[in-house]
Amino acid sequence: MNSEKCDFILNQYLMLDKNERVPLRLSLHLLFCKKCRNQIKMLRFAEEKIASPLSMPSPVTDETIQKIMDSVSPEMYKKMQKKPVPLVSWIIGGIVLIFLPLISIRSISLMNSRTLSMTYALLIAFCITAYCTVFVFGNIDAFIKKISGKPAA
Numbered sequence: 000m001n002s003e004k005c006d007f008i009l010n011q012y013l014m015l016d017k018n019e020r021v022p023l024r025l026s027l028h029l030l031f032c033k034k035c036r037n038q039i040k041m042l043r044f045a046e047e048k049i050a051s052p053l054s055m056p057s058p059v060t061d062e063t064i065q066k067i068m069d070s071v072s073p074e075m076y077k078k079m080q081k082k083p084v085p086l087v088s089w090i091i092g093g094i095v096l097i098f099l100p101l102i103s104i105r106s107i108s109l110m111n112s113r114t115l116s117m118t119y120a121l122l123i124a125f126c127i128t129a130y131c132t133v134f135v136f137g138n139i140d141a142f143i144k145k146i147s148g149k150p151a152a
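Quick note: the sequence shown uses numbering that gives the first Met the number 0, first residue 0, plus one each step.
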């Protein structure tokens, strides 16, 4: 068959959606053209192989992941493993965040300004919410390990 016609037919076939009915014109060409039939069989075989799950020769452990990351990008893996803020600093910051508002609330209540008190309370609420959000997202891996039952690193 004509190479240009075969290329056109294969392009038309590849433009079909998955499980879409093959038009009669394409079916007739595939019926008589062994080259196109073989190419489509190879494409189907390749698709089946790609769609099948990968077999991993080694178990997925922390050591395996570390070896792979060290070979791919060691500086990025070291950066990912480093905790930017230690847990002790988070605890101290939380305690300070709790006690500082208590001290200043007393001085604001002496001013007898309801608007100032409400504004200050909203500011404290925002700071505590932001602190908790940053704490959780900064330590999300520890929370995931705790929920899944794995020991935290």
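Backbone N, C-alpha and C define an ideal beta-carbon position, used for all residues, glycine too.
Predicted model, so just to flag it, every value in this text is computed and none were measured.
The C-alpha of Thr128 is placed about 26 angstroms away from the C-alpha of Met110.
For Ile8, the number of other beta carbons within 10 angstroms of its own is at least 16, and it is reported as buried.
For the pair Leu30 and Val21, the CB atoms are not nearer than the 8 angstroms cut-off.
At a cut-off of 4 residues, the continuous stretches assigned as alpha helix (DSSP H) that sit fully inside the stretch 10 to 43 are 23 to 31. When the beta-carbon positions are compared, Pro100 and Ile67 stay at least 8 angstroms from each other. Assigned with DSSP and collapsed to three states, Leu122 falls in helix.
With fewer than 16 other Cβ atoms inside 10 Å of its own Cβ, Cys131 counts as exposed. For Ser2, the closest of Leu25, Cys35, Tyr12, Glu19 by C-alpha to C-alpha distance is Cys35. Gln65 and Ser72 have their C-alpha atoms roughly 10 angstroms apart. The alpha-carbon of Phe136 is positioned some 11 angstroms away from that of Ile143.
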